[in-house]
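A.B. asks: Protein chains in written order, with our numbering: chain A, 5 to 425; chain B, 285 to 454.
Quick reminder that beta carbons are idealized off the backbone N, C-alpha and C, glycines included.
Note that the coordinates shown come from a computational prediction; the quantities given were computed from them, not determined experimentally.
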Amino acid sequence: MEKNLAEKLLARAAGKSEVEPGEFIWAQVDVALANDVTAPLAIAELERMGATQVFDPDRVVLVPDHFMPNKDLAAAAQAKTMREFAIKQGITHYYEVGRMGIAHALLPEQGVVGPGQLVVGADSHTCTYGALGAFATGVGSTDLAAAMATGRIWLRVPHTDRFVYRGRLPRWVGGKDLILYTIGQIGTDGARYRAMEFTGEAISALSMEGRMTMSNMAVEAGAKAGVMAVDHVTLAYTRGRFRGEPVVLQPDPGAVPARVYEWDVSRLQPQVAFPHSPANTRPVGEAGRVFIDQVVIGSCTNGRLEDLRAAAAVLRGRTVHPYVRLLVIPATQRIYLEAVRTGLVEIFVEAGGAVSTPTCGPCLGAHTGVLAAGEKAVATTNRNFVGRMGHPQSEVYLAGPAVAAASAVLGRIAHPEEVCS
Amino acid sequence: MTAAAFHLGRVWKYGAHVDTDVIIPARYLTTHDPEVLRLHCLEDLDPSFKEGVRPGDILVALENFGCGSSREHAPLALKAAGVYCVVAVSFARIFFRNSINIGLPVLECPQLARAVATGDELQVDMTRGELVHQGRIYSAQAYPEFMREIIAAGGLVPYVQQQLAGGGLK
Ligand code: SF4
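1) Looking at the C-beta of Pro428 (chain B), does it have a partner C-beta in chain A at a distance below 8 Å?
2) Do Ile106 (chain A) and the ligand SF4 come close, with the Cβ less than 7 Å from some heavy atom?
3) What does DSSP give as the partner residues of His97 (chain A) in its beta bridges?
4) Give the secondary structure of Ala288 (chain B) by DSSP, where H, G and I count as helix, E and B as strand, and everything else as coil.
5) Where does Asn39 (chain A) fall in DSSP's three states?
6) So does Ser145 (chain A) have its beta carbon nearer than 7 Å to some heavy atom of the ligand COA?
7) Hey, out of A:His371, A:Val288, A:Gly347, A:Arg215, whose CA is closest to Thr305 (chain A)'s CA?
8) Verify the contact flag: Thr385 (chain A), CB atom, against every heavy atom of the ligand SF4, threshold strictly below 7 Å.
9) In chain order, what residues of the same chain lie with their CB nearer than 7 Å to the CB of Gly171 (chain A), ignoring the 5 residues before and after it?
10) Counting Cβ pairs, one atom from each stretch, are 3 or more of them under 8 Å apart for the stretch 393–407 of chain A and the stretch 361–376 of chain A?
11) The alpha helix (DSSP H) spanning Phe28 (chain A) covers which residue range?
12) Any idea what DSSP makes of Arg432 (chain B), helix, strand or coil?
13) How about Cys364 (chain A): is its Cβ closer than 7 Å to a heavy atom in the ligand SF4?
14) When the Cα of Arg103 (chain A) is compared with those of A:Leu66, A:Glu290, A:Arg345, which residue comes out closest?
15) Mind listing, in chain order, the continuous beta strand (DSSP E) runs of no fewer than 3 residues lying wholly within the stretch 347–375 of chain A?
16) Restricting to Cα atoms, I'd like to know which of A:Met72, A:Lys228, A:Gly105 is closest to Gly26 (chain A).
17) Would you give the residue range spanned by the alpha helix (DSSP H) that Arg16 (chain A) belongs to?
18) Would you say Cys304 (chain A) touches the ligand SF4, meaning its beta carbon is less than 7 Å from a heavy atom?
19) From Gly360 (chain A) to Thr164 (chain A), what does the alpha carbon distance come to, in whole angstroms?
20) Does any residue of chain A bring its CB to less than 8 Å from the CB of Gly450 (chain B)?
21) Which residues in chain A have a C-beta closer than 9 Å to the C-beta of Arg432 (chain B)? List them in chain order.
22) For Lys334 (chain B), report the span of its alpha helix (DSSP H) as first-last.
23) Just verifying my parser: in three-state terms, what is the DSSP assignment at Gly289 (chain A)?
24) Take the Cβ of Pro428 (chain B) as the centre, count every other Cβ of all protein chains shown within 10 Å, and call the residue buried at 16 or more, exposed below.
25) Rounded to whole angstroms, what is the Cα-Cα separation between Thr372 (chain A) and His280 (chain A)?
26) Let me confirm a value: Lys454 (chain B) is counted as buried when at least 16 other C-beta atoms fall within 10 Å, else exposed. Which label applies?
27) His291 (chain B) to Ile342 (chain B), Cα distance in whole Å?
28) Pairing CB atoms from the stretch 9–27 of chain A with CB atoms from the stretch 92–99 of chain A, are three or more of them under 8 Å?
29) Thinking Leu330 (chain A) and Ala412 (chain A) are a contact (beta carbons under 8 Å), I'd like their distance in whole angstroms, please.
30) If you run the structure through DSSP and keep just helix, strand and coil, what is Cys369 (chain B)?
31) For Cys351 (chain B), is the beta carbon positioned less than 7 Å from some heavy atom of the ligand SF4?
32) Can you check whether the C-beta of Val390 (chain B) is within less than 8 Å of a C-beta belonging to chain A?
33) Give the interface partners of Gln445 (chain B) over in chain A, defined as CB-CB distance under 7 Å, in chain order.
34) Secondary structure at Gly394 (chain A), three-state DSSP: helix, strand or coil?
35) Report yes if the C-beta of Ile357 (chain B) is less than 7 Å from at least one heavy atom of the ligand SF4; otherwise report no.
36) Which residue wins for smallest C-alpha separation from Arg263 (chain A), given the options A:Leu210, A:Ala409, A:Cys367, A:Pro162?
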């Protein structure tokens with residue numbers, strides 16, 4: 005039988021010649037990830053399971069990124085629990101504040117995840133690594149504890165929905181717009197329990213960053229994974245970076261997905277998701293006059309160097325609207341350093357923006373830019389649920405970095421063309 | 285079937301796409317103590333829930349319940365609040381897994397989920413996966429065999445305990 009990419013990746017992880025959608029498998033985990041919110045509970049569950057050691061200290065990755073740098077006493081206690089566990093277990097890939105980043109930007113950058121792997125993470129956006137040709141999926145803390153203890157996890161092989169993007173993307177349109185458009189079309193449960201497989205000329209032309217932005221938000225359509233086949237762009241990215249040996253699996257040419265969606269994206273406009281659902285998308289040209297209080301450029305979705313460059317291209321020589329707060333949060337220390345070296349940070353600061361150390365911070369309404377009742381923000385993050393960035397009566401509009409930057413300048417949701425003629 | 289096999293509970297009914305951010309907002313995720321989480325359960329969606337919920341109540345919702353963040357704190361908060369089980373048209377996958385793992389019963393039963401309203405009385409027989417509302421009997425979607433093993437073990441922690449004691453996973 006001809007197999008879809010997700011099936012081939014899971015067959016490898018299960019050590020089987022092939023697997024079928026719907027089948028339950030025990031799979032070998034290549035990387036198990038947790039953060040400062042999910043690790044403390046996973047550690048407690050691990051202990052309850054009677055496990056004294058993790059299955060492999062090289063394959064358990066712990067990243068303090070959510071409430072970091074410690075936002076208060078309780079967050080400090082959680083971070084301490086994770087740190088002490090990491091030291092006791094001899095965890096290789098534990099990243100302290102000052103060397104860390106948001107996990108889903110950090111792990112690909114540091115070469116901890118790569119093509120062919122099975123990655124499970126106690127964080128729903130673990131699906132980001134699907135862009136590298138891995139099968140990566142989010143789980144809860146107890147599942148993660150079981151994976152840390154045994155190196156294995158049970159999975160049901162998902163059906164695959166294929167998304168084909170035809171044509172060349174217009175200026176100002178990127179991975180974020182493609183995925184927002186997709187979720188707008190299929191809804192937040194449009195790919196529930198499924199593997200989304202992204203393909204087509206527009207995907208081939210995307211950078212690794214743009215691809216990771218797309219796979220990152222697969223979970224916003226309910227998907228278990230958002231996979232992409234490995235190509236020369238993937239291998240150019242992983243070369244000299246990935247610590248393992250890339251396993252390159254391709255979907256069989258005759259594989260039949262459960263559903264196929266095909267769109268010509270050569271005239272796509274930048275997209276904005278209105279409150280309170282990532283599926284509530286519109287082209288930015290139809291946003292109307294939405295005045296805003298804050299702009300956040302960062303997160304595991306759009307806090308990578310390419311995103312900061314896109315924002316800087318709009319902000320260069322311009323200033324942030326007097327009544328708007330612009331927060332720029334490079335997703336990792338390396339991205340931060342590159343942004344300093346290449347003058348991006350200078351552009352943001354001169355424009356009147358606040359540049360923060362890497363953190364999840366405002367993305368989940370934790371700290372560093374929480375919204376008051378009635379406030380509105382444009383954010384390059386991935387969720388705009390009620391209360392996601394702060395007060396339950398605040399509003400988040402999701403967009404790509406160029407739209408976010410243009411909105412910061414004009415003080416309302418804006419197309420980058422309105423700023424850069 | 286004897287009436288004694290049934291649990292009788294009061295319904296709290298919500299709509300579609302109830303996400304884990306409203307089940308337990310991130311501002312409370314600096315702990316995983318169920319007794320703390322319970323105090324803020326669903327407060328951004330329905331502040332009356334945490335005041336009015338009583339042990340044994342049943343939460344019923346429409347499509348895609350528990351979407352969004354993977355936080356296991358969400359089913360933990362519901363369980364600690366005394367919710368006996370969650371019935372929905374459908375569940376988001378991570379929430380579903382987490383609930384099974386921690387022993388919060390979750391039942392997919394679209395017809396019933398659409399029929400009930402807040403305040404209704406509902407009878408649930410977990411062993412049979414049957415629900416009774418206003419005299420009508422509904423059958424929930426059966427769990428796959430594989431999940432039943434985890435449920436029978438009492439959740440994932442005892443399941444893994446057994447496996448570790450028995451010399452590894454099969
Ligand atoms: S940046 Fe936001 S979505 Fe990404 S891992 Fe952090 S909290 Fe989650």
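C.D. replies: Considering the structure as presented:
1) Pro428 (chain B) has a beta carbon lying within less than 8 Å of a beta carbon in chain A.
2) Yes, the beta carbon of Ile106 (chain A) sits closer than 7 Å to at least one heavy atom of the ligand SF4.
3) Answer is A:Val65, bridged to His97 (chain A).
4) At Ala288 (chain B), the pLDDT of 45 sits below 50, so the modelled position is not reliable; the number obtained from the coordinates is stated separately. In the structure shown, Ala288 (chain B) sits in a helix (DSSP, three-state: H, G or I).
5) Asn39 (chain A): strand per DSSP, three-state reduction.
6) Summarising the ligand content, the structure contains the ligand SF4 and does not contain the ligand COA.
7) For Thr305 (chain A), the closest of A:His371, A:Val288, A:Gly347, A:Arg215 by C-alpha to C-alpha distance is A:Arg215.
8) Thr385 (chain A) Cβ: within cutoff of the ligand SF4.
9) These residues qualify, in order along the chain: Glu205, Ala206, Asp268, Val269, Ser270.
10) The stretch 393–407 of chain A, when compared against the stretch 361–376 of chain A, does touch it at the 8 Å Cβ threshold.
11) Phe28 (chain A) -> not in any alpha helix (DSSP H); beta strand (DSSP E) instead, spanning 28–32.
12) The answer is helix: DSSP assigns Arg432 (chain B) an H, G or I state.
13) Taking the Cβ of Cys364 (chain A) as the reference point, at least one heavy atom of the ligand SF4 falls within a distance shorter than 7 Å.
14) Among A:Leu66, A:Glu290, A:Arg345, the Cα nearest to that of Arg103 (chain A) belongs to A:Leu66.
15) Qualifying beta strand (DSSP E) stretches: none in this window.
16) Per the Cα distances, A:Lys228.
17) It spans 9–18 - the alpha helix (DSSP H) in which Arg16 (chain A) sits, taken as one unbroken run.
18) Yes; taking the cut-off as 7 Å, the Cβ of Cys304 (chain A) has a heavy atom of the ligand SF4 nearer than that.
19) In the sequence as displayed, the identity of residue 360 (chain A) is Ser instead of Gly. Using only the alpha carbons, I get a separation of about 39 Å.
20) Taking 8 Å as the threshold, the shortest C-beta distance from Gly450 (chain B) to chain A does not fall below it.
21) The contacting residues do not exist; Arg432 (chain B) stays about 11 Å from chain A at best.
22) Per DSSP, Lys334 (chain B) is one residue of the alpha helix (DSSP H) stretching across 331–336.
23) Helix at Gly289 (chain A).
24) Exposed is the call here.
25) The straight-line gap from Cα to Cα measures roughly 21 Å.
26) Bear in mind that a pLDDT of 45 at Lys454 (chain B), under 50, signals an unreliable position, so the number given afterwards is only what the model happens to contain. In this structure Lys454 (chain B) is exposed. Its beta-carbon is surrounded by fewer than 16 other beta-carbon atoms within 10 angstroms.
27) Distance between the alpha carbons of His291 (chain B) and Ile342 (chain B) is about 10 Å.
28) When C-beta atoms of the stretch 9–27 of chain A are compared with those of the stretch 92–99 of chain A, fewer than three pairs fall below 8 Å, so the two segments do not count as touching.
29) Distance from Leu330 (chain A) to Ala412 (chain A) at the Cβ level is roughly 4 Å; contact confirmed, criterion being Cβ atoms closer than 8 Å.
30) In this structure, Cys369 (chain B) counts as strand in the three-state DSSP scheme.
31) Incorrect: Cys351 (chain B) has no Cβ contact closer than 7 Å to the ligand SF4.
32) Interface with chain A (8 Å Cβ-Cβ cutoff): Val390 (chain B) is excluded.
33) Near Gln445 (chain B) (Cβ distances below 7 Å), the residues of chain A are Met53, Gly54.
34) If DSSP states are grouped into helix, strand and coil, Gly394 (chain A) belongs with the strands.
35) The sequence given here places His at residue 357 (chain B); Ile does not occur at that position. Checking every heavy atom of the ligand SF4 against the Cβ of His357 (chain B), none is found closer than 7 Å.
36) Measuring C-alpha to C-alpha distances from Arg263 (chain A) to each of A:Leu210, A:Ala409, A:Cys367, A:Pro162 identifies A:Pro162 as the nearest.
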